[in-house]
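Chains as they are written, first to last, in this note's numbering: chain A, 1 to 478; chain B, 1 to 87. We treat Cβ as the ideally placed atom computed from N, Cα and C, and that holds for glycine.
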Amino acid sequence: MPKDFLKGVKDEYDVVIIGSGLAGLTSANVLARQGYSVLLLEHHYQLGGMATWFKRRNGHIFDISLHGFPMGMIKSCRKYWTQEIADSIVQLKGVRFENPQFSLETTFDRQDFTCILREEFQVPDETIKKFFDTARGMNFYDDQDKTTRELFEEFFPGRDDVVRLLMEPITYANGSTLEDPAITYGIVFSNFMHKGVFTFSGGTDKLIGHIKDELLANGVDLRIRSLVEKIELTPDRKVSGIVVNGKRIGCKTIVSNANLKSTVFDLVGEENLDRRFVEEAKAVRLNNSSCQVYVALKPGEEIDYCGDLLFHSEHKGFDIDAMLSREISSRTFSFYYPSTRPDREGPGRSLVVSSTNANFEDWANLPGDEYERQKKDLCETTLDCLEQYVPNVRERADHVEASTPRTFQHYTRHWRGASFGTKFEGLAVSKALPEQVGGLYHAGSVGIIMSGWLGAVNYGVIVANDVDKYLTPAAAGV
Amino acid sequence: MNEGQIRQVIIDILERIAPDEDLSELDDAVPFREQMELDSMDFLDIVMELRKQYRIQIPEEDYEHLVTMNSTVTYLTPLLKDVESPA
C-alpha cells in the first residue's frame, strides 16, 4: 500500500501554504510565530524549491543555487529565521570575468567596482558616483518605462564592455535583460553592491535542515509528496479549502508559493476570476529557464582558486539572445571548494556547477534520444570550456550530469520550467490576487525584484503580513 | 497606555529588530532612518508586532506616521489609549 503522506493531518487550518520555496517557507514560519495553525504542502520529497541540492554516488552533494545573495540576507535570516542561520552566512571571496573584452576579478561591491570602472574602463569618477547613486535611489513604485538599456545608455553611451560588467552577473542572478525596467536592475544591483556576494556555509542541505527544524519547533505541519490539485472557493469567492492528493482540507487563507500562472489558471481557474484580472494574468511574461551542468571531482582532488563565480563568455559583446541560445557561448561557473562544507569529514570535495540561461522551447519537444544526445553534448562542451580553468578535468571528474528546462519544470512544476519567476508585471498580478479571492495570497518569484534568495524571503514576509492583517479581527481598544 | 508607555513599547520592538543599535541616545524628533539602519522591511516588522501585541491595524497609507519616535507616539496614542500597558 502506498504511504499516506497526509496521515494525521487536521481537517482545518488557519493557513495552507502551497509549495516550499523560500518565500513559502518564510511565510509559514512568520505566520506560525504569530500563532496561526499552518499546513505546508510540498509536492517534491525535499523542501526548498529552487533552494535545493541533490546527492550522487560516492558522496557528492551538488547545490543548485547556493552562490550567492546580497548581505541583506543576514538581517532577514536573523529576523525571520534564527540567529544560527544568520551566523552561517559568509562572504564569497571573488567574482571573476573572462571574456573577449576583459579579464578581471572583483569582490563585487561598490568600492571595488568604482575602482575597476575608473582604472580599467576609464569612466570618470563623477559618472560612476552618479550611476551608483541613481541605482541606489530607485524604488519599485518609480517610473517603470525606462529600460535598463536606456539607463546604461544614459550613463555609459556606446560602452558595451561596461554594460557587460554591470549586467552579466545580474542576468545570471535573476534572468533579467536590458529590456526589463531599469528599476529592477537598480534595486537588485544596489543590494549586491552594498557589501558584495554572500553564501551559506555548510551547503543548501544544512540550511534547509535548520529551516525544517525551526518550522517544526514553531508548530508548522509539514507535508512532502503532497501535490495540491485545486483551491476551493465559497460562492462569494473566498478561500474555503484545498484538495491535496485527492483529499479535501479546510482553511481560512492560502499562500500559494506555486508559480503565479499555475496558481491563477490551474489551481483557481479563470472561470472564478474577473475577466480583466484574467487578461492581466495571461499577459504576464515568464522569465527564462536554465541549463546546468554538474561536475564533481574525485574525492580529494583540489581545484586551484578560480574565484567563486566565474562569468565566462566567448561572445564579443553582451547579447541576451546569445546567452539564451542553445549554441552556448556564455557560461557562469560556480566553484564549490571544500570550504563550502567545512564540517564535512574525509577528503575535500571540489565541485563545479555551470549555469546557462535557456529557452524552454528549445528543449521541450525534443524526442527522447535527441534529448539525451543534447544533454550529453551540453556536458561535453561544458567540460571542454572548463578545461582552461580546471586542467585535465575529464580525468579528474568523478561524476558529470546535466539539467535542462525540463528538469526544472519537473521538480518545481513551474510553467515552462521558469527558473526566475515572472517579468515585472507579475508583481502587480501577484499583489492583486487577494482582491479577486478573499484569503488567497501569492508569494513567489515575481517581478524580478521579488526573486532570488533575498527577494523570496522578504516577499514571503510581506505576504505573511497581509495574511495576518486579513486574519486579525477588528481593532481592539475600540 | 500613556505616551511614555507607548514609547517604551516601540523601544522594545526596535531592540528586537535591531539588536546591534544603541537606542539610549535616540532623538525622538529625528527620523529613525537617520539614526539607525532601518529599511522598509523593518517598518513592516513594527507594524506586524503592534498587530500581534495589541491587534491594531495600521494601513499602508499611514506608514508615513512612523517616521520619528514623536510622530509614531502621536499616531498610536488614540489607538492605544484604552489598552493596558504590558508592564
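Anything in chain B within Cβ reach of A/T472, meaning under 8 Å, just list it in chain order. Taking the first sequence and counting its residues from 1, the one referred to as residue 472 of chain A is at position 472. By Cβ distance, chain B contributes R51, R55 and Q57.
What does B/V73 touch in chain A if you count any residue whose Cβ is under 9 Å from its own? By one-based count along the second sequence, residue 73 of chain B stands at place 73. Going along chain A, no residue has its Cβ under 9 Å from B/V73, so there is no contact; the nearest lies around 16 Å.
Are the region 418-433 of chain A and the region 381-395 of chain A in contact at 8 Å, needing three or more beta carbon pairs? no
Measure the alpha-carbon distance for B/R33 versus A/N139 and round it to whole angstroms. For this step, residue 33 of chain B is matched to residue 33 along the second sequence. For this step, residue 139 of chain A is matched to residue 139 along the first sequence. Their backbone Cα atoms lie some 16 Å apart in a straight line.
Option nearest A/T204 by Cα separation, candidates A/E271, A/T148, A/P434 and A/T52: On the first sequence, position 204 is the one that residue 204 of chain A refers to. When each option's Cα is compared against that of A/T204, the closest is A/T52.
Does chain A have any CB closer than 8 Å to the CB of B/I46? What you label residue 46 of chain B is simply residue 46 of the second sequence in a count that begins at 1. Not closer than 8 Å to any Cβ of chain A, the Cβ of B/I46 fails to qualify, so no.
For the candidate residues A/G250, A/Q292, A/I231 and A/S240, whose alpha-carbon lies nearest to that of A/S262? Sequence index remark: in the first sequence, residue 262 of chain A carries index 262 (1-based). Out of A/G250, A/Q292, A/I231 and A/S240, A/I231 has the C-alpha closest to the C-alpha of A/S262.
If I follow the unbroken alpha helix (DSSP H) through A/T106, where does it start and stop? Taking the first residue of the first sequence as 1, we reach residue 106 of chain A at position 106. Where A/T106 is concerned, there is no enclosing alpha helix (DSSP H), although the beta strand (DSSP E) it sits in stretches over S103 to T106.
Near B/I17, what residues of its chain come up, given a Cβ to Cβ distance below 6 Å and the 5 sequence neighbours on each side ignored? Taking the second sequence and counting its residues from 1, one reaches residue 17 of chain B at position 17. These residues qualify, in order along the chain: D42 and D45.
Own chain residues within Cβ distance below 8 Å of A/T484, not counting five before or after: Nothing about residue 484 of chain A can be read from this structure; chain A reaches only from 1 to 478.
Just the Cα atoms here: how many angstroms apart are A/F198 and A/D308? Along the first sequence, one-based indexing puts residue 198 of chain A at 198. Along the first sequence, one-based indexing puts residue 308 of chain A at 308. Roughly 10 Å between the two C-alpha positions.
Does the Cβ of B/E60 lie closer than 7 Å to at least one heavy atom of the ligand NAD? Annotation note on the ligand NAD: not contained in the displayed structure, which lists no ligands.
Cutoff 8 Å: A/V38 Cβ touching any chain B Cβ: Within the first sequence, numbered from 1, the residue matching residue 38 of chain A stands at position 38. Taking Cβ atoms only, chain B never reaches closer than 8 Å to A/V38, which makes this a no.
Interface residues of chain B facing A/N458 [CB-CB closer than 8 Å]: Along the first sequence, read from residue 1 onward, the residue named residue 458 of chain A stands at position 458. M41, listed in chain order.
Enumerate in chain order the residues of its own chain whose CB-to-CB distance from A/V559 is below 6 Å, with the five nearest sequence positions on each side excluded. Past the boundaries of the shown model lies residue 559 of chain A; chain A is included only from 1 to 478, so the question cannot be answered.
Please confirm if B/I11 has its CB atom under 8 Å from at least one CB of chain A. The residue you call residue 11 of chain B lines up with position 11 of the second sequence. False, the Cβ-Cβ gap to chain A never drops below 8 Å.
Element boundaries [beta strand (DSSP E), containing A/T199]: What you label residue 199 of chain A is simply residue 199 of the first sequence in a count that begins at 1. Unbroken beta strand (DSSP E) run through A/T199: F198 to F200.
Contact under 8 Å by Cβ, A/E98 with A/H312: Here residue 98 of chain A refers to the residue found at position 98 of the first sequence. Here residue 312 of chain A refers to the residue found at position 312 of the first sequence. Yes, Cβ-Cβ distance for A/E98 and A/H312 is below 8 Å.
Could you give the C-beta distance for A/V255 and A/V463, rounded to a whole number, given that I count them as a contact under 8 Å? For this step, residue 255 of chain A is matched to residue 255 along the first sequence. For this step, residue 463 of chain A is matched to residue 463 along the first sequence. That pair is a contact at about 6 Å.
Let me know if A/A475 comes out buried or exposed under the rule of 16 or more other beta-carbons within 10 Å of its beta-carbon. For the purposes of this step, residue 475 of chain A is identified with residue 475 of the first sequence, where counting begins at 1. Low confidence applies to A/A475: its pLDDT is 46, below 50, so where it sits in the model is not reliable enough to give any reading.
Could you spell out where the alpha helix (DSSP H) holding A/T127 opens and where it closes? Against the first sequence, residue 127 of chain A aligns to sequence position 127. Looking at the DSSP string, the run of the alpha helix (DSSP H) that includes A/T127 is D125 to R136.
Taking its Cβ as the centre, do 16 or more other Cβ atoms sit within 10 Å of A/D304, making it buried, or is it exposed? Here residue 304 of chain A refers to the residue found at position 304 when the first sequence is read from its first residue. When all chains shown are included, A/D304 counts as exposed.
In chain A, which residues lie with their C-beta within 8 Å of the C-beta of B/I17? On the second sequence, position 17 is the one that residue 17 of chain B refers to. Correct list: K79.
Status (buried if at least 16 other CB within 10 Å, exposed otherwise) for A/H43: As a working note, residue 43 of chain A is residue 43 in the first sequence. Burial call: buried.
Return the CA-CA distance between A/F335 and A/K247, expressed in angstroms with no decimal places. Reading the first sequence from its first residue, position 335 is the one you call residue 335 of chain A. Reading the first sequence from its first residue, position 247 is the one you call residue 247 of chain A. Those two C-alpha atoms are separated by around 44 Å.
Mind checking A/V295: buried by the 16 CB within 10 Å criterion, or exposed? Sequence index remark: in the first sequence, residue 295 of chain A carries index 295 (1-based). The residue is buried, with at least 16 neighbouring Cβ atoms inside 10 Å.
Anything in chain B within Cβ reach of A/D14, meaning under 8 Å, just list it in chain order. Here residue 14 of chain A corresponds to residue number 14 of the first sequence, with the count starting at 1. In chain order: nothing, as chain B lies at least about 14 Å away.
Contacts that A/K469 makes with chain B (C-beta to C-beta distance below 8 Å): Looking up residue 469 of chain A in the first sequence gives position 469. R51 and Q57, listed in chain order.
Cβ-based burial, B/T72 [other Cβ within 10 Å; buried from 16]: As a position in the second sequence, residue 72 of chain B is number 72, starting the count at 1. It counts as buried.
CB contact below 8 Å: A/S445 versus chain B: In the first sequence, the residue the question calls residue 445 of chain A occupies position 445. No, because no Cβ of chain B sits closer than 8 Å to the Cβ of A/S445.
Once you ignore the five residues that flank A/I116 on each side, which residues in its own chain have a CB closer than 8 Å to its CB? Mapped onto the first sequence, residue 116 of chain A falls at position 116. L104, T106 and L165.
When DSSP builds the beta bridges, which residues end up paired with A/A358? The sequence position of residue 358 of chain A within the first sequence is 358, counting from 1. Note: A/A358 sits in a beta bridge opposite A/S289.
Pick from A/P405, A/Y337 and A/K10: whose alpha carbon is nearest that of A/K93? Counted from its first residue, the first sequence places residue 93 of chain A at position 93. The shortest Cα separation from A/K93 among A/P405, A/Y337 and A/K10 belongs to A/Y337.
Are the region 280-287 of chain A and the region 127-144 of chain A in contact at 8 Å, needing three or more beta carbon pairs? no
Expressed to the nearest angstrom, what Euclidean distance is found between the alpha-carbon atoms of A/P434 and A/H194? Start at 1 with the first residue of the first sequence, and residue 434 of chain A comes out as number 434. Start at 1 with the first residue of the first sequence, and residue 194 of chain A comes out as number 194. Near 34 Å, if we compare the C-alpha coordinates of A/H194 and A/P434.
For B/P86, count the other beta carbons within 10 Å of its own beta carbon; 16 or more makes it buried, fewer makes it exposed. Which is it? Taking the first residue of the second sequence as position 1, residue 86 of chain B is located at position 86. With fewer than 16 other Cβ atoms within 10 Å, it is exposed.
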